[in-house]
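Student: Residue numbers (my numbering): 368 to 462. We put the beta carbon where it would ideally sit given N, CA and C, even for glycine.
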Amino acid sequence: MTKTEKKDQLKGMIKEFLEAKDMMSLTRLRNLIYVEIIQLPMSSNDRNTVEDAMYMWNYNSDRYISNTKNPTIKATLMGDFDAILNIVDNSLLKN
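(1) To the nearest angstrom, report how far apart S411 and S433 are at their CA atoms.
(2) Counting pairs of beta carbons, one from the region 413–432 and one from the region 448–456, are three or more of them closer than 8 Å?
(3) Would you kindly check if the distance between the Cβ of L377 and the Cβ of I404 is under 8 Å?
(4) According to DSSP, is A450 helix, strand or coil?
(5) Check whether the Cβ atoms of D440 and Y426 sit closer than 8 Å, and answer yes or no.
(6) Cβ of I400 less than 8 Å from any chain C Cβ?
(7) Confirm, please, whether the CB-CB distance from L399 to M368 is below 8 Å.
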């Protein structure tokens, strides 16, 4: 899978996450996104940065899962994910 395809896959997964409504599906999708991101080839520094960003994303996704109708939580969650994608994108360009 190319770097662009992997990035598109992650964007598709987050889109599916935001479209899901039940807590079990949301939790499963969040965990799949986490696993996909952690398995990407990154330097140890980039991996540590992504793990820190994922910590916040997991916290905010838990808030989102418990209240999917809150637009502020959704916007925060998307901001966290965009930051993670930027780190991943820069890391994949280096590798």
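Tutor: From the atom records:
(1) Computed Cα separation, rounded: 33 Å.
(2) Touching, per the Cβ criterion.
(3) For I404 and L377, yes; Cβs fall inside 8 Å.
(4) A450 falls in the helix class under three-state DSSP.
(5) At residue 440 the sequence reads Ile, which differs from the Asp that was named. At the C-beta level, I440 and Y426 stay beyond 8 Å of one another.
(6) The question asks about chain C, but that chain is absent: this structure has only one protein chain.
(7) Not closer than 8 Å, so no.
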